[in-house]
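Residue numbers (this note's numbering): 294 to 543.
Spelled out as structure tokens, the structure:
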């Protein structure tokens with residue numbers, strides 16, 4: 294664990310309890326409606342050859358492949374999860390599994406750069422976004438999905454290595470500082486913020502799979518998704534931000 298409020302500035306370092314992170318990833322994978330919602334939020338921006346930063350256990354990658362994305366590059370900083378990805382996608386020519394060093398990013402022409410709940414772990418998020426832009430072809434998308442509102446920062450956030458939570462304004466500002474053109478910046482999952490604040494911030498609980506998650510995912514998330522599709526949420530548990538690399542794709 295790394296509770297230090299001023300962590301090192303090395304963007305290649307894995308911050309937080311990696312075993313606890315993996316448990317959280319496993320629990321999230323069991324929340325099938327929430328998982329599907331997030332995958333669908335990203336799908337319009339992926340293009341034909343996206344790179345995902347912090348692919349975890351590979352759930353998003355598999356769902357995007359099933360949706361028809363022809364190629365995906367999966368990356369992971371944690372060695373155990375990186376090996377899991379290599380084992381999971383072994384023999385699948387549509388998937389490249391590799392490490393990415395944000396301190397020395399490869400010059401690339403990926404169609405997009407996508408990260409779910411990763412940027413909040415990175416000490417210098419603006420530098421990471423600049424690195425992302427160098428890896429994406431002109432006109433391609435850089436998409437981040439990050440936890441919202443500093444007041445909701447909990448013990449669990451710190452244990453898994455979060456160094457910040459965002460607002461729409463702070464996420465937009467980071468993108469603009471990185472030289473990206475902001476296309477989308479909005480809150481997602483309004484009831485989730487209330488549940489997180491009470492459960493995690495006030496009661497100091499730890500999220501876990503079980504009956505409560507099953508009911509929340511089965512009964513609440515589908516309704517929230519329908520509502521927020523019709524009308525953007527004024528607040529939320531997370532921020533979705535999408536920027537474009539300046540220029541026109543050839």
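Glycine residues also receive a C-beta, built at the ideal position from the N, C-alpha and C atoms.
{"Item": "Backbone CA spacing between residue 371 and residue 357 [nearest angstrom]", "Value": "22 Å"}
{"Item": "Nonlocal neighbours in the same chain, by C-beta distance under 6 Å from residue 481, ignoring five residues either side", "Value": "529, 531 and 533"}
{"Item": "Residues that DSSP places opposite residue 479 in a beta bridge", "Value": "533"}
{"Item": "Beta-carbon contacts of residue 296 that lie in its chain and below 8 Å, excluding the five residues immediately before and after", "Value": "Caution is warranted here: a pLDDT of 32 is assigned to residue 296, below 50, making its placement in the model unreliable, and the coordinate value is therefore given only provisionally. 451 and 452."}
{"Item": "Residue of 510, 404 and 444 minimising C-alpha distance to residue 432", "Value": "404"}
{"Item": "Residue 414 and residue 362 closer than 8 Å at C-beta", "Value": "no"}
{"Item": "Option nearest residue 343 by Cα separation, candidates 421, 400, 435 and 520", "Value": "435"}
{"Item": "Three-state secondary structure assigned by DSSP to residue 390", "Value": "strand"}
{"Item": "Run of the alpha helix (DSSP H) containing residue 402, from where it starts to where it stops", "Value": "Careful: residue 402 lies outside any alpha helix (DSSP H) and carries neither H nor E."}
{"Item": "Beta-carbon proximity list for residue 510, same chain, < 6 Å, skipping 5 on both sides", "Value": "324, 326 and 327"}
{"Item": "Inter-residue Cα distance where the pair is residue 421 and residue 461", "Value": "18 Å"}
{"Item": "Within 8 Å, strictly: CB atoms of residue 263 and residue 539", "Value": "Shown here, the chain extends from 294 to 543; a query on residue 263 therefore has no answer."}
{"Item": "Reduced DSSP category for residue 348 - H, G, I as helix; E, B as strand; rest coil", "Value": "coil"}
{"Item": "Continuous beta strand (DSSP E) stretch holding residue 437: start and end", "Value": "429-440"}
{"Item": "Beta-carbon gap between residue 467 and residue 517 smaller than 8 Å", "Value": "no"}
{"Item": "Nonlocal neighbours in the same chain, by C-beta distance under 7 Å from residue 439, ignoring five residues either side", "Value": "410, 412, 413, 459, 464, 531 and 532"}
{"Item": "Candidates 334, 487 and 448, of which the one nearest residue 527 by Cα", "Value": "487"}
{"Item": "Residue 301, buried or exposed, once every other Cβ within 10 Å from all chains shown has been counted against 16", "Value": "Only weak support is given to the placement of residue 301: the predicted model assigns it a pLDDT of 40, under 50, and the value that follows is read from those uncertain coordinates. Label assigned to residue 301: exposed."}
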